[in-house]
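Numbering (UniProt numbering), first residue to last: 1 to 328. Heads up, the beta-carbon is just placed ideally off N, CA and C, and yes, glycines get one too.
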Amino acid sequence: MTEHFQFAQPEWLYVLPFILCLIILRRRRGAEGSITYPTVRFISSLARNPQSLAGKIGAICFVLAAAALAIALARPQKVEDKTFRTVNGIDIMIAFDLSYSMETPDMVLNRMPINRLVAAKHVITQFVDSRPDDRIGIVGFAGKTKSFCPLTLDHALVNGIIRDFHPRMIQADGTAIGSAIAAAATRLDDRKDTKSKIIILVTDGASNSGQISPLVAAENAAKLGIKIYTIAVGTEEGTLANGMVVQSEFDEPTLRKIAQLTGGEHFRATNMASFNKAFASIGKLEKSEAKVQTVRHIEEYFMYFLVTGAALTLLGLSLQVLKPAPAP
């Protein structure tokens, strides 16, 4: 909320310097009604001359009344602008592969080798920070699926959970992609108040466990109006770890089919640049709609100056009428 003061018709304020000029001119001419600085001699003379006192006070009242009325005509206002932001956010479930193969160190960040899990955590937490208006939840999966966070706008909580991820959080070997999609879709279907719902599936392997196939899970998600974006993480050639070459068994045809069935897209993240590009592309494809409405409240203050001006005018007239007649 912002507030400020203004004059609706500020041109009336030009009357004020005009009034000041009239006072100065009248003072120079030594007129009886001119304004004089009070001194002891001046006050004593007024006490001896009631007519002069009434005239001078009356003149002051008329001057102040004119100034007050000019300000009233300028219409001083206090303006308060309240901005309301309405956002039609997106519900996003991130299906995060926590299988042991995610520890394969075939990524590089700041010239240092890192494993796929660290790379995914780095990119995904940045993505979460970039979606302040969207509800985000997380399911993790290996040989089975676990829900780590429901859909929430508390992105600090989401990122805190992601940063704590490690492959041993799910004690089951394998990669249950179908189960992960089904679990994420169930979470999204629980929220009926959102039009746009997506799943981002991040994995480095082929589905080899779970009670539902990835394509069947994808078809069910499509029926619920859920789009799935799939990201295959890692290089096909793998890397050397513990004296052994570790490779991933990618099933990109299935990942592409999952995305195709649901209206999403498939991405391949072989390094940090392509990983970041994949999430940047999703961010551009899935945009939240925000509407900003400003409501303005105006409080008028002219009445205070109008009443003051009227009162001063009446007082000045009263002094003129009631002042004693000059002595013969």
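(request) Starting from the Cα of Ile258, find the closest Cα among Thr230, Gln77, Phe267 and give me that residue. (result) Position 258 of the sequence shown, counted from the start, is the residue given in the question as residue 258. Among Thr230, Gln77, Phe267, the Cα nearest to that of Ile258 is on Thr230.
(message) Give me, in chain order, the residues of the same chain whose beta-carbon lies closer than 6 angstroms to that of residue 333; leave out the 5 immediate sequence neighbours on both sides.
(response) Nothing about residue 333 can be read from this structure; the chain reaches only from 1 to 328.
(request) Inspect the CB distances between the region 116-128 and the region 142-149 and report whether three or more fall short of 8 angstroms. (result) The region 116-128 makes no contact with the region 142-149, as fewer than three CB pairs between them are under 8 angstroms.
(message) For Thr175 and Thr152, which I take to be in contact (beta-carbon distance under 8 angstroms), what is that distance rounded to the nearest angstrom?
(response) Numbered from its first residue, the sequence shown carries residue 175 at position 175. Numbered from its first residue, the sequence shown carries residue 152 at position 152. That belief does not hold up - the Cβ atoms of Thr175 and Thr152 are roughly 26 angstroms apart, past 8 angstroms.
(request) Label Ile298 either buried or exposed according to how many other C-beta atoms from any shown protein chain fall within 10 Å of its C-beta, with 16 as the threshold for buried. (result) Here residue 298 is taken as the residue at index 298 of the sequence shown, counted from 1. With a 10 Å radius around the Cβ and a threshold of 16 neighbouring Cβ atoms, Ile298 comes out exposed.
(request) Would you tell me roughly how many angstroms separate the C-alpha atoms of Asp133 and Ile90, rounded to the nearest one? (result) On the sequence shown, residue 133 is found 133 positions in, with the first residue counted as 1. On the sequence shown, residue 90 is found 90 positions in, with the first residue counted as 1. Going from the Cα of Asp133 to the Cα of Ile90 covers about 8 angstroms.
(request) Count the CB pairs spanning the region 208-216 and the region 267-278 that are closer than 8 angstroms, and state whether there are at least three. (result) Flag = no, the region 208-216 and the region 267-278 do not touch.
(request) Could you check if Arg131 is buried or exposed, using at least 16 other CB atoms within 10 Å of its CB as the buried criterion? (result) For this step, residue 131 is matched to residue 131 along the sequence shown. Around the beta carbon of Arg131, 16 or more other beta carbons sit within 10 angstroms, so the residue counts as buried.
(message) Bridge partners for Asp133 per DSSP, in chain order?
(response) Reading the sequence shown from its first residue, position 133 is the one you call residue 133. Beta-bridge pairing links Asp133 to no other residue.
(request) Please state whether DSSP places Glu32 in a helix, a strand or coil. (result) Taking the first residue of the sequence shown as 1, we reach residue 32 at position 32. Annotation note: pLDDT 48 at Glu32 (below 50); position unreliable, coordinate value reported separately. Coil, per DSSP.
(message) Using only CA atoms, which one of Cys149, Val63, Ala221, Met112 lies nearest to Ile24?
(response) On the sequence shown, position 24 is the one that residue 24 refers to. Of the candidates Cys149, Val63, Ala221, Met112, the one whose C-alpha sits nearest the C-alpha of Ile24 is Val63.
(message) Helix, strand or coil, according to DSSP, for Phe165 in the structure here?
(response) In the sequence shown, residue 165 corresponds to position 165, counting from 1. If DSSP states are grouped into helix, strand and coil, Phe165 belongs with coil.
(message) Rounded to whole angstroms, what is the Cα-Cα separation between Ala221 and Ala280?
(response) The sequence position of residue 221 within the sequence shown is 221, counting from 1. The sequence position of residue 280 within the sequence shown is 280, counting from 1. Their Cα atoms are separated by approximately 23 angstroms.
(request) Use the C-beta contact count for Val158: other C-beta atoms within 10 angstroms, 16 or more gives buried, fewer gives exposed. (result) Mapped onto the sequence shown, residue 158 falls at position 158. Result: buried.
(message) Judging by CA-CA distance, which residue of Leu22, Phe250, Ala67, Phe165 is the nearest neighbour of Leu312?
(response) As a working mapping, residue 312 is identified with position 312 in the sequence shown. Out of Leu22, Phe250, Ala67, Phe165, the CA that lies nearest to the CA of Leu312 is found in Ala67.
(message) With three or more C-beta pairs closer than 8 angstroms as the rule, is the region 73-88 touching the region 300-307?
(response) In short, these stretches touch, since the Cβ pair count reaches three.
(request) Just mark Leu20 as buried or exposed, buried being the case when its beta carbon has 16 or more other beta carbons within 10 Å. (result) Along the sequence shown, read from residue 1 onward, the residue named residue 20 stands at position 20. Around the beta-carbon of Leu20, fewer than 16 other beta-carbon atoms lie within 10 Å, marking it exposed.
(request) Tell whether a beta-carbon distance below 7 angstroms holds between Met169 and Leu98. (result) Numbered from 1 along the sequence shown, position 169 holds the residue referred to as residue 169. Numbered from 1 along the sequence shown, position 98 holds the residue referred to as residue 98. Taking C-beta atoms as the reference points, Met169 and Leu98 count as a pair closer than 7 angstroms.
(message) Can you find the residues in the same chain that come closer than 6 angstroms, C-beta to C-beta, to Arg296, ignoring five residues on each side of it along the sequence?
(response) For the purposes of this step, residue 296 is taken as residue 296 along the sequence shown, with counting starting at 1. Non-local beta-carbon contacts of Arg296 in its own chain, meaning distances under 6 angstroms to residues more than five positions away in sequence, involve Asp81 in chain order.
(message) What does the Cβ neighbour count give for residue 336, buried or exposed, with the cut at 16 atoms within 10 Å?
(response) This structure cannot settle anything about residue 336, because the visible part of the chain is limited to 1 through 328.
(request) Give the straight-line distance between the Cα atoms of Ile94 and Arg135, rounded to the nearest whole angstrom. (result) For the purposes of this step, residue 94 is taken as residue 94 along the sequence shown, with counting starting at 1. For the purposes of this step, residue 135 is taken as residue 135 along the sequence shown, with counting starting at 1. CA-to-CA, the gap between Ile94 and Arg135 works out to about 11 angstroms.
(request) Ignoring anything shorter than 4 residues or poking outside the region 95-164, list the alpha helix (DSSP H) runs there in chain order. (result) Taking only runs of at least 4 residues, the alpha helix (DSSP H) segments lying wholly in the region 95-164 are 116-129, 155-163.
(message) Please list the terminal residues of the continuous beta strand (DSSP E) segment that includes Lys227.
(response) Looking up residue 227 in the sequence shown gives position 227. In this chain, the beta strand (DSSP E) harbouring Lys227 covers 226-233.
(message) Do Ala232 and Leu255 count as a contact pair if the criterion is CB distance below 7 angstroms?
(response) On the sequence shown, residue 255 is found 255 positions in, with the first residue counted as 1. On the sequence shown, residue 232 is found 232 positions in, with the first residue counted as 1. Yes, Cβ-Cβ distance for Leu255 and Ala232 is below 7 angstroms.
(request) May I ask which residues mark the beginning and end of the alpha helix (DSSP H) holding Thr262? (result) For this step, residue 262 is matched to residue 262 along the sequence shown. Unbroken alpha helix (DSSP H) run through Thr262: 252-262.
(request) Please work out which residues of its chain come closer than 8 angstroms, Cβ to Cβ, to Pro150, disregarding the five sequence neighbours upstream and downstream, and give them in chain order. (result) For the purposes of this step, residue 150 is taken as residue 150 along the sequence shown, with counting starting at 1. Cβ neighbours of Pro150 beyond the five flanking positions: Gly137, Arg187.
(request) Over the uninterrupted beta strand (DSSP E) stretch that includes Glu3, give me the two end residues. (result) Mapped onto the sequence shown, residue 3 falls at position 3. Looking at the DSSP string, the run of the beta strand (DSSP E) that includes Glu3 is 2-7.
(request) Within its chain, find whatever has a CB closer than 6 angstroms to the CB of Asp189; leave out the 5 residues flanking it on each side and keep chain order. (result) The residue labelled residue 189 in the question sits at position 189 within the sequence shown. When the five nearest sequence neighbours on each side are left out, the beta carbons in the same chain lying within less than 6 angstroms of the beta carbon of Asp189 are those of Leu224, in order along the chain.
(request) Kindly give me the distance between the Cβ atoms of Ala72 and Gly309, rounded to whole angstroms, as I take these residues to be in contact under 8 angstroms. (result) For this step, residue 72 is matched to residue 72 along the sequence shown. For this step, residue 309 is matched to residue 309 along the sequence shown. That pair is a contact at about 6 angstroms.
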